[in-house]
Each structure stands twice: as C-alpha cells, then as structure tokens.
Amino acid sequence: MKARVKWLEGMAMVGESGSGHAVVMDGPPDLGGRNLGVRPMEMLLLGLGGCTQFDVLLILRRGRARVTDCVVELSAERAETDPKVFTRIHVHFIVTGHDLQPKQVQRAIALSAEKYCSASIMLGAVAEVTHDFEIRDG
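Here it is, written out as structure tokens:
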C-alpha cells in the first residue's frame, strides 16, 4: 500500500491514495491553516470508522442479515501533551435493518475489533478502544 501527501499552501495538503483517490487536509487558522479540510488526526479517526464499518457490514451480509443502514459514530480523547496521541476512542454503531439479532451484530463488532480491523487493533495498542451498538428497525 502506498500513499502520497502533497503540501499546497499554508497548512493545506492533498493526500492521494495508492488506489487513485484524493482528500484535502488542513489545519485551523490559529496554526496557519485555512480550515479547508479535515485535520490529519481526524482522518485517522475516520479511517478507523471506515475500516470497522467495512468489516461489520461484510460479516453481517455474509450472515444474511438484512441491513439497510449503518452509521459509525466515533469519539476520541487525546493526550494533553505532545505527542497528543489518542488515549480513548469510543465506537458507536447504529445498525438499521429488518429482524436484526443483537447477538449477530455484537459478534460482527467483536470480530472486527479483535480480529479483522487493522486500524482498531493498531490504535488499540496505544488507546483504550471501546464499542457499543444500537439496532433500529427499518
């Protein structure tokens, strides 16, 4: 896997993935940015959310669960001093579907957290990562 980050101006940059996609990142005005994109640490948190959601959806689909929507809400705390690493991350899944079984959703989340989600497992080496979920009908 490869990626490239190109500085634009101020603190703005464009990240380009090896698969050919791009995203703008920037910093806040008080640090020289213009708030043109997500912060790099936010991008890391978004990556965790995308990675674990991908796993959970794949596991649920393989189990023939009838999922119609899935939202992952993440909240994180960071250390107060440099390096300001994540110290706690909470991952909340909102899974919507027809006749979803709590045990099936819980198992999918656990498999992602403990076996499949590289981002979650990697970040879990430095931060406490917790998970919970709610199921909605629809």
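Just remember that the working numbering sits 80 ahead of the position in the sequence shown, which is counted from 1. The beta carbon of each residue, even a glycine, is placed where N, CA and C say it ideally should be. Keep in mind that this is a model prediction, so the values were computed, not measured.
Self-check item: Per-residue burial, residue 99 [other beta carbons within 10 Å of its own, 16 or more giving buried]
Solution: exposed
Quiz item: Is DSSP giving residue 180 helix, strand or coil here?
Solution: coil
Exercise. Could you say if the stretch 194–210 and the stretch 153–170 meet the contact criterion of at least three C-beta pairs nearer than 8 Å?
Key: yes
Quiz prompt | residue 217 versus residue 133: straight-line alpha-carbon distance, rounded | solution = 18 Å
Quiz prompt | 8 Å Cβ shell around residue 81 - same chain, five flanking residues per side excluded | solution = 98
Quiz item: How many Å lie between residue 86 and residue 139 at the Cα?
Solution: 36 Å
Quiz item: Should residue 173 and residue 151 be called a contact, given that it needs their Cβ atoms to be closer than 9 Å?
Solution: yes
Quiz item: Between the stretch 109–116 and the stretch 150–164, do at least 3 Cβ pairs fall closer than 8 Å?
Solution: no
Practice problem: Between the Cα of residue 144 and those of 180, 123, 212 and 104, spot the shortest distance and give me the residue it belongs to. | Solution: 180
Quiz item: In its own chain, which residues sit with a C-beta less than 7 Å from the C-beta of residue 95, not counting the 5 before and 5 after it?
Solution: 83, 85, 102, 103 and 105
Quiz item: Between which two residues does the beta strand (DSSP E) containing residue 197 stretch?
Solution: It is not in any beta strand (DSSP E) - residue 197 carries neither H nor E in the DSSP assignment.
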